[in-house]
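Engineer:
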Amino acid sequence: MLQDITQLEHEADRDLELVTDANALEQFRIKYLGTKGQIKALMAQLKQVPKDQKPAFGQAANALRQKLQSAYNAKKNQFAATPDNPRHSTIDVTEPGLPPRLGRTHVITQTIAGLIEVFGRMGFEIATGPEVEDEYHNFIALNIPPQHPARDPLDNFYLTDPTQENPVLLRSMTSTIQIRVMKNTPPPVRVIATGRCYRPDEHDATHSSMFHQIEGLYVDRGVSMADLKTTLLQFAHAYFGPEADVKLVPSYFPFTEPSAELYMKMQVGDRWEWIEMGGCGMVDPAVFEEVGYDPEEWTGFAFGLGIERLAMRKYGITDIRWLFDNDLRFLRQF
Ligand code: DAH
770 MLQDITQLEH
780 EADRDLELVT
790 DANALEQFRI
800 KYLGTKGQIK
810 ALMAQLKQVP
820 KDQKPAFGQA
830 ANALRQKLQS
840 AYNAKKNQFA
850 ATPDNPRHST
860 IDVTEPGLPP
870 RLGRTHVITQ
880 TIAGLIEVFG
890 RMGFEIATGP
900 EVEDEYHNFI
910 ALNIPPQHPA
920 RDPLDNFYLT
930 DPTQENPVLL
940 RSMTSTIQIR
950 VMKNTPPPVR
960 VIATGRCYRP
970 DEHDATHSSM
980 FHQIEGLYVD
990 RGVSMADLKT
1000 TLLQFAHAYF
1010 GPEADVKLVP
1020 SYFPFTEPSA
1030 ELYMKMQVGD
1040 RWEWIEMGGC
1050 GMVDPAVFEE
1060 VGYDPEEWTG
1070 FAFGLGIERL
1080 AMRKYGITDI
1090 RWLFDNDLRF
1100 LRQF
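According to our numbering, the residues represented by the sequence shown are 770 to 1103, in order.
(1) With respect to the alpha helix (DSSP H) encompassing Ala791, which residues constitute its N-terminal and C-terminal limits?
(2) Relative to the ligand DAH, is the shortest distance from any of its heavy atoms to the C-beta of Leu986 smaller than 8 Å?
(3) Using beta-carbon positions only, say whether Val1037 and Met951 come within less than 9 Å of one another.
(4) Using only the alpha-carbon positions, how far apart do Arg870 and Gln1102 sit?
(5) Does any residue of chain C bring its CB to less than 9 Å from the CB of Asn846?
(6) Give me the Cβ distance between Lys823 and Leu815, rounded to the nearest whole Å; I'm assuming they're in contact under 8 Å.
(7) Would you kindly work out how many angstroms separate the C-alpha atoms of Thr880 and Pro931, rounded to a whole number?
(8) Quickly, what does DSSP pair Asp996 with across the bridge? List them, please.
(9) Within the same chain, show all residues whose beta-carbon is closer than 8 Å to that of Gly991, passing over the 5 residues directly before and after it, in chain order.
(10) From the DSSP output, in three-state form, read off Ile885 for me.
(11) Taking only heavy atoms of the ligand DAH into account, decide whether any of them is closer than 8 Å to the Cβ of Val1005.
(12) Taking 8 Å as the cut-off, does the CB of Ser944 come closer than this to any heavy atom belonging to the ligand DAH?
(13) Grouping DSSP H, G and I as helix and E and B as strand, with all else coil, what is Asp1014?
(14) I need the straight-line Cα distance from Gln921 to Thr897, nearest angstrom please.
(15) Considering only residues of the same chain and omitting the five flanking positions on each side of Ala1013, which have a CB-CB separation below 7 Å?
(16) Consult DSSP for Met1046 and reduce its assignment to one of helix, strand or coil.
(17) If you compare alpha carbons, which of Arg959, Asn925 and Asn831 is closest to Arg890?
(18) Please name the residue, chosen from Asp773, Ile1086, Glu1058 and Gly1048, that lies closest to Leu997 on a Cα-to-Cα basis.
(19) Does the Cβ-Cβ distance between Tyr841 and Leu867 come in under 9 Å?
(20) Bridge partners of His902, per DSSP?
(21) Looking only at its own chain, which residues have a Cβ that is under 8 Å from the Cβ of Leu771, when we skip the five neighbours before and after it?
(22) Does DSSP put Val818 in a helix, a strand or coil?
(23) Taking buried to mean at least 16 other C-beta atoms within 10 Å of its own C-beta, is Ala995 buried or exposed?
(24) Excluding the five sequence neighbours on either side, which residues of its own chain have a C-beta within less than 7 Å of the C-beta of Thr975, listed in chain order?
(25) State buried or exposed for Asp790, treating a residue as buried only when at least 16 other CB atoms are found within 10 Å of its CB.
(26) Taking the C-alpha atoms as reference points, what is the distance between Ala962 and Asp1039?
(27) Given a threshold of 16 other Cβ atoms within 10 Å of its Cβ, counted over all protein chains shown, does His981 qualify as buried or as exposed?
In structure tokens, the structure reads:
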């Protein structure tokens, strides 16, 4: 009978040696010290032990129980998490950390960077102008007469009384920058300008009262419509891929003559579509005269494209409002 105890002790000793973590220790506890464990079973045997052996058996069984209990306690302490003993902590220090979530540039900012990159390679420098403009730069110098619908107060965000002399407004297009550049730089010039524009448009899937444009201006001797088309075609290829194409459809703008609407052929889903991207043309001699360039000597082209439109086509975005809702679930895709 006492032999059983000795045997159990040996077995427990062996098992204890194999306990190297908290999990194994718990298994050990269940096997020996649990309510259905070996020690409990040993105590149950006591009934069957002959009377004269009972005291010895009881003592030995108790001694073993105490021994296993204190071995268990010791191991348990050892496995407890302490700053000095992180190996046995319940925190897995080898688990890779959570990287901080990095911010990113807005998809429109990314698009602008891409445009600057493409036109930069073609030798265009960057120009800028103010978002709050006066009537002179937004209309008059661009040859847009007072009765022109583009000047209608209902189609613009005037900041001062539009009936007063040279009122101030949020610029309705980036063409204003053409005037600022030419007034400050002698020809030749080759610039692009990007920025926000404002029109009290319908706020729908394709219109926003705040939007972005990219303006291009190239002035030199002997510039022709062929240069304009080639430049735009190169741009379309660089930006949308080798199969993109451009088409110029006759149109009218007061600051260009001749003028054209620019269409780009690009893939929309699995189809190819012609999409209107903006306006362009040869700089009107009246504009050259206004900025002090000799129209007999200098020629040039200009174009203006909607940046949201470019971005929406490039990324397959179907509603312009998503661009400005600031929903990170949307913005994080780009
Ligand atoms: N500024 C025009 C618009 O917002 C677009 C445009 C047309 C720009 C012809 C140009 C141009 O530079 O030459 O509708």
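Idealized CB from N, CA, C, for every residue including glycine.
Structural biologist: Taking the geometry as given:
(1) If you number the sequence shown from 1, residue 791 lands on position 22. Unbroken alpha helix (DSSP H) run through Ala791: Ala791 to Phe797.
(2) Position 217 of the sequence shown, counted from the start, is the residue given in the question as residue 986. At least one heavy atom of the ligand DAH is nearer than 8 Å to the Cβ of Leu986, so yes.
(3) The residue you call residue 1037 lines up with position 268 of the sequence shown. The residue you call residue 951 lines up with position 182 of the sequence shown. Going by C-beta atoms, Val1037 is not nearer than 9 Å to Met951.
(4) Taking the first residue of the sequence shown as position 1, residue 870 is located at position 101. Taking the first residue of the sequence shown as position 1, residue 1102 is located at position 333. The alpha-carbon separation between Arg870 and Gln1102 amounts to approximately 14 Å.
(5) Absent from the structure: chain C. Only one protein chain is present.
(6) Here residue 823 corresponds to residue number 54 of the sequence shown, with the count starting at 1. Here residue 815 corresponds to residue number 46 of the sequence shown, with the count starting at 1. That pair is a contact at about 7 Å.
(7) Sequence index remark: in the sequence shown, residue 880 carries index 111 (1-based). Sequence index remark: in the sequence shown, residue 931 carries index 162 (1-based). The alpha-carbon atoms of Thr880 and Pro931 are separated by roughly 34 Å.
(8) On the sequence shown, residue 996 is found 227 positions in, with the first residue counted as 1. According to DSSP, Asp996 bridges with nothing at all.
(9) Reading the sequence shown from its first residue, position 222 is the one you call residue 991. Listed in chain order, the non-local C-beta contacts of Gly991 below 8 Å within the same chain comprise Thr1068, local neighbours out to five positions each way being set aside.
(10) Translated into positions along the sequence shown, residue 885 becomes position 116. In this structure, Ile885 counts as helix in the three-state DSSP scheme.
(11) Locating residue 1005 in the sequence shown gives position 236, counting from the first residue. Note on residue identity: the sequence assigns Ala, not Val, to residue 1005. Flag unset: Cβ of Ala1005 not near the ligand DAH.
(12) What you label residue 944 is simply residue 175 of the sequence shown in a count that begins at 1. At least one heavy atom of the ligand DAH is nearer than 8 Å to the Cβ of Ser944, so yes.
(13) Working through the sequence shown from its first residue, we reach residue 1014 at position 245. In the structure shown, Asp1014 sits in a strand (DSSP, three-state: E or B).
(14) On the sequence shown, residue 921 is found 152 positions in, with the first residue counted as 1. On the sequence shown, residue 897 is found 128 positions in, with the first residue counted as 1. Looking at the sequence itself, residue 921 is Asp, so the reference to Gln does not match. Asp921 and Thr897: Cα-Cα distance of roughly 25 Å.
(15) Residue 1013 sits at position 244 when you count from the first residue of the sequence shown. Excluding residues within five positions, the ones whose Cβ falls inside 7 Å are Ala1005, His1006, Met1033, Lys1034 and Met1035.
(16) To locate residue 1046, count along the sequence shown from 1; it is residue 277. The answer is strand: DSSP assigns Met1046 an E or B state.
(17) One-based indexing of the sequence shown puts residue 890 at position 121. The residue with the shortest Cα to Cα distance from Arg890 is Arg959.
(18) On the sequence shown, residue 997 is found 228 positions in, with the first residue counted as 1. Checking every option, the nearest Cα to that of Leu997 belongs to Gly1048.
(19) For the purposes of this step, residue 841 is identified with residue 72 of the sequence shown, where counting begins at 1. For the purposes of this step, residue 867 is identified with residue 98 of the sequence shown, where counting begins at 1. Not closer than 9 Å, so no.
(20) Within the sequence shown, numbered from 1, the residue matching residue 902 stands at position 133. One point to set straight first is that residue 902 is Glu, not His, in the sequence displayed. Paired residues: Leu938.
(21) Walking along the sequence shown from the start, residue 771 turns up at place 2. Within the same chain, Leu771 has close Cβ partners Gln822, Ala825, Phe826 and Ala829.
(22) Along the sequence shown, read from residue 1 onward, the residue named residue 818 stands at position 49. The answer is coil: DSSP assigns Val818 none of H, G, I, E or B.
(23) Counting from 1 along the sequence shown, the entry for residue 995 is found at position 226. Classification of Ala995: exposed, given that the 10 Å Cβ count is below 16.
(24) Residue mapping note: residue 975 aligns to position 206 of the sequence shown, counting from 1. Only Ile1089 meet the Cβ criterion.
(25) Numbered from its first residue, the sequence shown carries residue 790 at position 21. With fewer than 16 other Cβ atoms within 10 Å, it is exposed.
(26) To locate residue 962, count along the sequence shown from 1; it is residue 193. To locate residue 1039, count along the sequence shown from 1; it is residue 270. Straight-line measurement puts the Cα of Asp1039 at about 32 Å from the Cα of Ala962.
(27) Locating residue 981 in the sequence shown gives position 212, where the first residue counts as 1. So His981 ends up on the buried side.
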